[in-house]
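Accompanying notes for the structure given below.
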Amino acid sequence: MLDGHGLARALPFGTYPLTEAQKKIRKIFFNTPLGYSRLRRPFMERFKRDCSSGPVDATLFGLKVRFYPQDNQTDAKSAVCGACYNHRELKWLRRHLPKGGTFVDVGANMGFFSLYAAQREARVIAVEPNPVLFERLTTNLRLNGMQADLFRVAVGDQDGSCQLVQVNGDFGGGRIGAGQGAAVRIRPLVDILQACDVTAVHVLKIDIEGYEDRALLPFFRKAPAALWPDHLIMEDTEHGRWAQDVFPVLRRCGYERRGRSRGNILLSRF
Numbered sequence: 001m002l003d004g005h006g007l008a009r010a011l012p013f014g015t016y017p018l019t020e021a022q023k024k025i026r027k028i029f030f031n032t033p034l035g036y037s038r039l040r041r042p043f044m045e046r047f048k049r050d051c052s053s054g055p056v057d058a059t060l061f062g063l064k065v066r067f068y069p070q071d072n073q074t075d076a077k078s079a080v081c082g083a084c085y086n087h088r089e090l091k092w093l094r095r096h097l098p099k100g101g102t103f104v105d106v107g108a109n110m111g112f113f114s115l116y117a118a119q120r121e122a123r124v125i126a127v128e129p130n131p132v133l134f135e136r137l138t139t140n141l142r143l144n145g146m147q148a149d150l151f152r153v154a155v156g157d158q159d160g161s162c163q164l165v166q167v168n169g170d171f172g173g174g175r176i177g178a179g180q181g182a183a184v185r186i187r188p189l190v191d192i193l194q195a196c197d198v199t200a201v202h203v204l205k206i207d208i209e210g211y212e213d214r215a216l217l218p219f220f221r222k223a224p225a226a227l228w229p230d231h232l233i234m235e236d237t238e239h240g241r242w243a244q245d246v247f248p249v250l251r252r253c254g255y256e257r258r259g260r261s262r263g264n265i266l267l268s269r270f
C-alpha cells in the first residue's frame, strides 16, 4: 500500500506551497468561527482539488505540517479548519495533559493529536499501523524537530499479524479485517507501554475504527492499575463493530463520561 509520495517526505518544508485559492479558503475557515460550520464542506473539496498532484505545506497549531488532503480526511479537515477540527478534544487535552505528562495516541494518523501534545511538551507515544500514515506522522514530527516513541503496529489482544484494509479511499479510515490490504503486526497496548518504561498515562486517545474493544479490554485485564489512563478520548461511532461492549468495563475501572463530541466520548477516572 503505497501513496507515491515517498520523495515528498524527504523534501524541505515549503516545497509544496499553498495556492492562492487555498490561502483564501484558510483565511475564511482556519481557526475562525466559520471553521465550525457546515459551510466549510464545499470549500474543503475545492481545497483538495488544488492538491491533485501531491501534498501541501502549511501550518497547524503554529507547527509545520505536510498535508495530504486528497486521501485523508484528517489532513483535509485540519488543513482547512485548524484547531476548529476536534476542538472539544483539544480543549480536553489542554485541561488534562500537564507539561511533561504522558500522552498515548492509538491510531495516530498523520499526527494531529500527537503534534498538539508534543507542542505542549508532553511525552508522546504514537501508534499507527498504516505504513503510509506512519511515514507522514514521522515526517511531520521531523519537520518540527519533535521526538516521540513511534510504533508502526496495530493494537490488539495478543502479538500477531492482521490485514489493514483501506476504506473509501481514506487512509485514516483503515480497518482491521479480511480483504485486500497491508499486512501489519499486532501488539498488546500493555506491551507497548512497558517497552517504553511508562509508569503513568495522563491521557489516552484511541481511534481505531471499531477495534477499540480488542485493544482496550485486554489492556484493562492485564495492565496494572497504575498504567490505566487518567483520562480517555475514545471514538465510539464504530461501536457496532465491537465484539464486546467496552463501557461496562470502563465503568468498573472507575471511568465516568465527562463529555462528548460528534465522534468521540471523553472520560475521566475517579
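Numbering (full-length UniProt numbering), first residue to last: 1 to 270.
The beta-carbon is built from N, C-alpha and C at its ideal position, and this holds for glycine as well.
Everything numeric in this text was worked out from a predicted model, so none of it was measured.
Taking the C-beta atoms as reference points, Phe219 is found no nearer than 7 Å to Cys253. Distance from the CA of Leu250 to the CA of Leu217, rounded to the nearest whole angstrom, comes to 9 Å.
Of all alpha-carbon atoms in Gly240, Gln147, Pro229 and Gly174, the one lying nearest the alpha-carbon of Ser268 is that of Pro229. Membership of Arg142 in any beta strand (DSSP E) is not indicated; the residue belongs instead to the alpha helix (DSSP H) covering Pro131 to Leu143. Counting only residues of its own chain and dropping the five nearest sequence neighbours on each side, Lys205 has a CB closer than 6 Å to the CB of Asp105, Phe113 and Ile233.
Inter-residue distance for Ser161 and Ile192 is about 15 Å (C-alpha atoms, whole angstroms). Ala76 carries a helical assignment under DSSP once its states are collapsed to helix, strand and coil. The residue among Tyr36, Pro33, Glu89 and Arg46 with its C-alpha nearest the C-alpha of Lys24 is Arg46. In the three-state reduction of the DSSP assignment, Leu189 falls in the helix class, which pools H, G and I. The C-alpha of Val165 is placed about 7 Å away from the C-alpha of Ala182. Within the same chain, and ignoring the five residues on either side of Gly263 in sequence, the residues whose Cβ sits closer than 6 Å to its Cβ are Glu235 and Thr237.
Looking from the CA of Phe30, the closest CA among Arg38, Cys84, Gln70 and Arg66 belongs to Cys84. Inclusion of Phe134 and Arg152 in the CB contact set at 7 Å is warranted, their separation being smaller than that value.
Between Ala117 and Val127, the C-beta gap is not smaller than 7 Å, which leaves the two residues out of contact. The three-state reading of DSSP puts Tyr36 in helix, counting H, G and I together. According to DSSP, residue pairing for Gly259 in a beta bridge involves Leu266.
When DSSP assignments are scanned along the UniProt domain "Methyltransferase FkbM" (105 to 255), the uninterrupted stretches of beta strand (DSSP E) that are 3 or more residues long and fall wholly within it turn out to be 123 to 127, 149 to 151, 160 to 167, 170 to 176, 182 to 187, 203 to 206 and 231 to 235. Only residues of its own chain outside the window of five on either side were considered, and among them Asp57, Lys64, Arg66 and Leu143 have a CB closer than 8 Å to the CB of Phe13, listed in chain order. Distance check between Lys91 and each of Ala79, Gln73, Gly100 and Arg120 places Arg120 closest, using alpha-carbon atoms only.
Taking C-alpha positions only, Arg214 is separated from Gly156 by approximately 5 Å. Here Gly210 has Glu238 and Arg241 as same chain residues with Cβ atoms under 6 Å from its own Cβ, once five neighbours each way along the sequence are excluded.
Here Phe67 is bridged, per DSSP, to Val56.
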